[in-house]
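See structure below.
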Amino acid sequence: MHVGLEHYLTVSFLLFALGLLGVIMRRNLIVIYMSLELMLNAANLALVAFSRFNDKLDGQVLVFFIITVAAAEVSVGLALIVALYRRRQSAHVEDLTSMKL
Amino acid sequence: MPISILTYIFCAPLLAALALVVVPRNYRVIIRFIALLGTFVSMVLAIKMFCQFVPGHDGFQFEQQIPWVNSLGISYHVGVDGLNVGLILMGAIVAFAAACCSWEIQTREKEFYILLLIMSGGILGAFASLDLFFFYALHEFALVPTFIMIGIWGRGERKNYATFQITIYLSIGALIALIGLIALYLQSGANTFDIPKIIEHVKANPIATNAQNFIFPLLLFGFGILVSLWPFHSWAPLGYGSAPAPTAMIHAGILKKFGLYGLTRIALPLMPQAAHHWMTILAWLCLGNILYVGWVAMRQRDLNLLIGNSSVAHMGFIFLGIASLNLIGITGAVFIMVAHGFLAALTFGLSGYIYQKTGTLEMSELGGLCRKLRFIGTALLMAAMAGCGLPGFANFVGEVSVFFASWTVFPVVTILAVWGALVIGGIYMTRAVRKILHGPLPEKYANVADATNVWRKLPYALLLASLFVFGCFPKLLTNQITPDATKIVSMTTLITAKPNMVAVSEIQSPKSENRN
Amino acid sequence: MELADILFYVFAALTLLCGVLVIANPFSRNPVTSAMFLVLTIISMAGLFVLLHAFFLAAVQILVYAGAVIVLFLFVIMLLDLKEEERRKIKFFGVAAGLISVGAILGIFLKNLHATNLNAQSSPSIEGDTAALGKLLFANYVLPFEVVSVLLLVAMIGVILLSKKKLD
Amino acid sequence: MKHELFPWLILFLPIFAAATITLFTLRSRCCSAFLSIGAIVAGFILSILFIHANGIHFAGEISKTWLSIGNLQIDFGLKLDALSMMMLLIVTGVGGAIHIYSVGYMHEDAGFSRFFAKLSLFTFSMLGIVLANNFIEMFIFWELVGVSSYLLIGFWFEKPSAGDAAKKAFIVNRLGDFGFLLGILMIWGILGSLNFAALQNSITANPVALGTAATIAGLLIFCGAVGKSAQFPLHVWLPDAMEGPTPVSALIHAATMVAAGVYMLCRIFFLLNADALHVIAYIGGFTALLAALIAVQQNDIKRIIAYSTLSQLGYMVMAVGLNGPTAAMFHLTTHAFFKALLFLAAGSVIIGMHHEQDIWHMGNLRKKMPITFWTFLIGALALSGIPPFAGFYSKDSILAQCLEQKNYLLFGVAIFIAGLTAFYTFRLFFVVFTGKEKTDHAKHAHESPLVMTLPLVVLAVFAAVGGFIGITNNYGSQFVADHETLSVAQQFLEPLHTPVPMLIGIGVALIGIFIAFSLYKNATSDPLPAKLGGLATAMKNKFYFDELYEATFVRAHDFIAAVMDWIDRWLLEGFSIGLVRGGTDLTGRALRLLQTGNLQTYAFLFVLGMAVVLWLVLK
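Chains as they are written, first to last, in numbering that gives the first Met the number 0: chain A, 0 to 100; chain B, 0 to 515; chain C, 0 to 167; chain D, 0 to 618.
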């Protein structure tokens, strides 16, 4: 079978699903963050695939921006985690329930 | 297009509110001056507009339209005709009076005046708007400060409860009305929020009866809650009882008329069949306002609760006028809207003064105040008399027209309503006067001071004068209302039922021949 | 089957396998392991990018992600001195929730993938090389590009502020 | 019509005076009194000039549109005919005398200016009723009379009893107005007009135009008169109204308020059919009897006169009901003279006695207050119907009317009342003016100043000669088209045409006076209760009507109010609001369970929400 758009999309989706599972199931903040990266990458893959098969380069530009923003996000996010850890001495989600009333 | 005078009228308070934001909070005199100036300008312009208004002019006057969101058909559109010209005049005068009465506020004056100005400007804008979007949005803009003001500057132990109740009730009412208005927008198919255009469109393509029967009750009860239609009235007495006097003046005087105005302006002409269908129910419901709430008012021991209940009872007459769906009724209803605005503002202003001076409104503790408070006492007596429909005050004209109108349609309801107006109203008003103004003066009030300063007297004198002018010369207002009320009535095409008496009179009466 | 197709299956399998190992490694619960598998995922995905003729992005992917982001992760892990976490009991709720959400999304995805005719084939004309992308970036997307640069600056300042021991 | 401006001036001068006093001259007693008296005296002079210029049988109407909505047309008009012009003279004339008298009576009161402002307002309202040319205009002034009486009765508002009496008068009047307004609505609903002339035309053109509604409409409108003229069952407010200053009582009782009801009945006489008239006649007769009986056992000088007013009003209403509006108006006119006289004389006594009102504290005032004594005597004789005083003529015409209508029951009642009237009037007279002084106050009583005695004398003259100055003539033109015009001499001998009622009337009056003389000539306490037993107690307590109403009407309203308030507080506000609030609270608590604070739960919900949105969008 010739590899087409749907194959790439399927891979992208599965990767996304893996990221989602990670976010919901894992309790280590760092790992959750990695799972988020997985989801972003899944989106990137879908965009590049669309760009390729729709014969337009704009998708790739978008991916470029996503990577940039992801870099910024990771830096801020990790800084937050560090700050949080300093205060709570824990990087576990279950220990961080101050949003509850 | 030149800027309409209406824009100036409702923007003047809003601009004053904006100006107040930058005034430091300890410049009390300046804050007060700006607030008074804003409302005063608005009042003067409104009086000018009222004088220049040409009755019976085709279409709207002082119109101004600026397109805003073309895809939805929203535009800034203001204009007046007979239905709202009186309301705007009343609103501007009451707003000025309320600003004058605000001297009783001692804490956070700046915020209070800002909110007060927003309230007045917003509601005046809502009355002037001919666009559904602005009509609704500006009213909400005026409504929200009410809640805040009751919550912060309110009085009494049940202040918080009153705030919650009024907030929940009025928000729900406004929400139901909003649903109705959106449904109306979609169902009319005119794809515009412009009220005149929708009316034109609906004239050619009436809204389907099913849709009418669905939308009309939404508007009726949505607006009805805003106007304290029985049995959705219990927010009103308590809310007004807890509100600071200026807030109660503006809300009971002006804001409450919004729902009624919406009913007459929008619901009646656009949905005539449903209107006819619902009017009998409305007529009986308004008895709840007139009789039931009248009785409740008789039981009140607190002056503000009594006034609040009587204000709810007065709404019944307006509803009765609307329910009779004929020219006299609609005109009478609009007339009472204006008259009651002045009256409600006057009574709440006076009770605010008494509260300020005596520290209580519990009627059993007061008494004999007429001796000390010459001016305020006389004004309160007049207000009480106007409240029970004394001729010479504007309310009488409206009420009697409403009775004439409803007599032909709902004779039984009218009989009970007349009982409510003349007897029950008379009882609770004279009881209140007896308890507060008459009788011996308690020792502790020996030093209560009357309003001697012109500024203190001004708001009350202004409101009383307005009541007098329209009560003695009702043609000033009815001439302006009638041509446009005729249009509204002609939109409700069905012929209203004739009184049974006509049929009866055909029968020959042998006894009446004996008379000599 | 062409070479490109074979390579696709290889890279795709590698990506997914490493992805699974990032989130659930049966042998190690150490975050460092997860990070290393994340590097692998990203590298194999760069392979997929190459297959899609997105050469520039493939390079950027490796440079930025594998080179910078993952390093950052590792630094943080080491900074926090995270030990291998003790095996907590797997919460039934977490698993169920994850499965339900994935199932829901999967259902929608499959339904729509099935329903739509994608009708797209690879077009050799498009080449995601540096020159083409650069032209597009500096011609059509110059404003977003500049905005993103500001964003990076803001992020940098934010991180510095957050990392200070005391805000004063 | 000559001097078209005059009626407007007559009507509006008093309200102008009232407004000026209230706004500007509250501090200047002199100016206030001058304005108020000036307005009403000017009104009197203008009325005379107007009648002189136009003739008493003139009929005309001036009308301006007051309110016009669709087919509701309400004019503000002045109806000028014999009826209204004579009433103008009475109101301004008698009222003017009372105004002047008030200067003396209220001399020491702090609220002097306020009093005159209210007096002028009252005059204005009454003139409005007199001149009204349509129902709503009449109703407007009707209500204004109600409120001005409220203000005047409650003039000494610091006395709780005055406040209560004012409130009572207002509410009882409102009950009557309720019927009045409904009657107006009914007539407008059928005939489509409110103007008296237009209504009369349509009734003349088609006597059955009102159909079966005629009786109901007539009785409803009569309700208004029942309230204002204090007929049974709404008579209870009038005696309490004595709480006001004495000039007010005189004004209310003689020339203005209570006369309004009878005047209104005459004005709308054309609307009343035989059934309605029947009811009116019996209510009038019953009121007259009831009030006369109560008057026999009262001890307050003003209350006795008040009940006599009630009784005489019953007479007038009965006369209207017996198809004799001319007789009724005639009696109204003469009654205005002698009742004003009696009240003012009583006021003079009260001032002389330093605000003592109990007749058993007085006695032998004949010597101390000669002018008051003589004028009171004239008034009493007139009230008792002794010829040739005014009351004799009018009372005789009513008695004759009874006979003419062959209503022997009411004739008998009327005769009995005539005797009772003479009895209680002279009971009062003998106890107050003859015998011994019963207290120190009575010993030190003094005659009132000239400003008070002068109106007494003027009124006494009218009470003496008012009966034969041709008033019947003038009213006759109002109701009978081909009335005969009599000279003064013929008028003087008019009762001789009907000798039976005349003789019986004079006879019972003399008997009444004689009994009073024999019982009270030198009595120091009332000998009657011992003789009458329980009946006297019932009379003294006004046949327990106040208590009855207290137990029924007031209780019923208070009870309903309590029930409604309970519903409002507990069902509407408590239950439904509580339900809404409880429901909201519960929902809130339930939803709060979802807020675990766990990041992953939120993520899960977020994904679910997103899935739903996607599903909806991609469907």
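No residue lacks a Cβ here, since even glycine has one placed at the ideal position from N, Cα and C.
Keep in mind the model is a prediction, meaning the values are calculated, not measured.
Would you mind telling me which residues of chain C sit closer than 8 angstroms to residue i, beta carbon to beta carbon, in chain order?
{"i": "A:S34", "result": "V21 and I22"}
{"i": "D:A589", "result": "Result: empty, since nearest Cβ-Cβ is about 19 angstroms, beyond 8 angstroms."}
Pick helix, strand or coil for residue i, following the three-state DSSP scheme.
{"i": "D:P386", "result": "coil"}
{"i": "A:G3", "result": "coil"}
{"i": "B:A502", "result": "Because the pLDDT of B:A502 is 39, which lies under 50, any placement of that residue in the model is unreliable, and the number read from its coordinates should be weighed accordingly. DSSP places B:A502 in helix when its eight states are reduced to three."}
{"i": "B:V226", "result": "coil"}
{"i": "D:D439", "result": "helix"}
{"i": "D:K158", "result": "coil"}
{"i": "D:W7", "result": "helix"}
{"i": "D:F75", "result": "strand"}
{"i": "B:L123", "result": "helix"}
{"i": "B:L493", "result": "The predicted position of B:L493 is uncertain, since its pLDDT is 47 and thus under 50; no value can be drawn from it."}
{"i": "A:N43", "result": "helix"}
{"i": "D:Q199", "result": "helix"}
{"i": "D:T337", "result": "What sits at residue 337 of chain D in the sequence shown is Phe, not Thr. In this structure, D:F337 counts as helix in the three-state DSSP scheme."}
{"i": "D:L250", "result": "helix"}
{"i": "B:D301", "result": "strand"}
{"i": "B:I65", "result": "strand"}
{"i": "D:Q599", "result": "helix"}
{"i": "D:A550", "result": "helix"}
For a contact defined as C-beta to C-beta under 9 angstroms, what are the partners of residue i on chain D?
{"i": "C:G93", "result": "Q599 and F603"}
Which chain D residues sit within Cβ distance under 8 angstroms of residue i?
{"i": "A:S97", "result": "G596"}
{"i": "A:I23", "result": "Q599, A602, F603 and V606"}
{"i": "A:L14", "result": "Result: empty, since nearest Cβ-Cβ is about 16 angstroms, beyond 8 angstroms."}
Using the beta-carbon of each residue, which ones in chain C are nearer than 7 angstroms to residue i?
{"i": "D:L615", "result": "Those do not exist, as D:L615 stays about 10 angstroms from chain C at its closest Cβ, beyond 7 angstroms."}
{"i": "A:I80", "result": "V75"}
{"i": "D:A560", "result": "Near D:A560 there are no residues of chain C at all, since even the closest Cβ is about 59 angstroms away, more than 7 angstroms."}
Which bits of chain A does residue i rub up against, with CB to CB less than 9 angstroms?
{"i": "C:S27", "result": "None at all; the shortest Cβ gap to chain A is about 12 angstroms."}
I believe residue i touches residue j by the beta-carbon criterion, under 8 angstroms. Please report the beta-carbon distance rounded to the nearest angstrom.
{"i": "D:G127", "j": "D:L233", "result": "Not quite, the Cβ-Cβ distance comes to about 22 angstroms (not below 8 angstroms), so this is no contact."}
{"i": "D:V40", "j": "B:M384", "result": "That pair is no contact at about 29 angstroms."}
{"i": "D:C265", "j": "D:M328", "result": "5 angstroms"}
Since residue i meets chain A, which of its residues come closer than 8 angstroms, beta carbon to beta carbon?
{"i": "C:G157", "result": "V75 and A78"}
Name, please, each residue of chain D whose Cβ falls closer than 7 angstroms to the Cβ of residue i.
{"i": "B:I181", "result": "Result: empty, since nearest Cβ-Cβ is about 20 angstroms, beyond 7 angstroms."}
{"i": "A:L83", "result": "Correct list: empty, because the minimum Cβ distance to chain D is about 12 angstroms."}
At 7 angstroms on the CB atoms, spell out the chain A contacts of residue i, in chain order.
{"i": "C:L16", "result": "Result: empty, since nearest Cβ-Cβ is about 10 angstroms, beyond 7 angstroms."}
| said: Closer than 9 angstroms between beta carbons: that is the criterion. Which residues of the stretch 34 to 67 of chain C meet it against chain D? | reply: Flagged: no residues at all.
| query | Taking any Cβ of chain B, which residues in the stretch 66 to 95 of chain D have a Cβ under 9 angstroms from it, in chain order? | reply | So the close ones are L66, S67, I68, G69, N70, L71 and I73.
| said: Counting beta carbon pairs with one atom in the stretch 376 to 383 of chain D and one in the stretch 458 to 466 of chain D, are three or more of them shorter than 8 angstroms? | reply: In short, these stretches touch, since the Cβ pair count reaches three.
| field | Cβ contact (3+ pairs, closer than 8 angstroms) linking the stretch 13 to 22 of chain C and the stretch 19 to 31 of chain A | value | The stretch 13 to 22 of chain C vs the stretch 19 to 31 of chain A: in contact.
| request: For the stretch 272 to 301 of chain B, enumerate the residues whose C-beta is nearer than 7 angstroms to any C-beta of chain D, in chain order. | output: Under the 7 angstroms Cβ criterion, the stretch 272 to 301 of chain B contributes Y291, W294, V295, M297 and R298.
| query | How about the stretch 137 to 157 of chain D and the stretch 84 to 98 of chain D: do they share at least three Cβ pairs that are nearer than 8 angstroms? | reply | Contact check between the stretch 137 to 157 of chain D and the stretch 84 to 98 of chain D: fewer than three CB pairs, one atom from each, fall below 8 angstroms, which does not count as touching.
| query | Quick one: any contact between the stretch 143 to 156 of chain B and the stretch 111 to 128 of chain B, if contact means 3 or more CB pairs under 8 angstroms? | reply | Enough Cβ pairs lie closer than 8 angstroms, so yes.
| request: May I ask you to verify whether the stretch 67 to 76 of chain B touches the stretch 90 to 97 of chain B, counting CB pairs closer than 8 angstroms and requiring at least 3? | output: Segments in contact, no.
| Touching by the beta-carbon criterion (3+ pairs, under 8 angstroms), the stretch 194 to 208 of chain D and the stretch 216 to 225 of chain D | Because the criterion of three Cβ pairs below 8 angstroms is not met, the stretch 194 to 208 of chain D and the stretch 216 to 225 of chain D do not touch.
| Inter-stretch contact at 8 angstroms, needing at least 3 Cβ pairs: the stretch 143 to 159 of chain C / the stretch 65 to 80 of chain A | Contact between the stretch 143 to 159 of chain C and the stretch 65 to 80 of chain A is present, because at least three Cβ pairs lie under 8 angstroms.
| Does the stretch 217 to 235 of chain B come within contact of the stretch 172 to 186 of chain B, defined as at least 3 CB pairs closer than 8 angstroms? | As far as the Cβ criterion goes, the stretch 217 to 235 of chain B touches the stretch 172 to 186 of chain B, which means the pair count is three or higher.
| message | Across the stretch 240 to 247 of chain D and the stretch 343 to 361 of chain D, are there enough close Cβ pairs to call them in contact, namely three or more that are closer than 8 angstroms? | response | Below 8 angstroms, enough C-beta pairs join the stretch 240 to 247 of chain D and the stretch 343 to 361 of chain D to call them touching: three or more.
| query | Between the stretch 170 to 185 of chain D and the stretch 223 to 231 of chain D, do three or more beta carbon pairs fall short of 8 angstroms? | reply | Yes, since at least three Cβ pairs between the stretch 170 to 185 of chain D and the stretch 223 to 231 of chain D fall closer than 8 angstroms, the two stretches touch.
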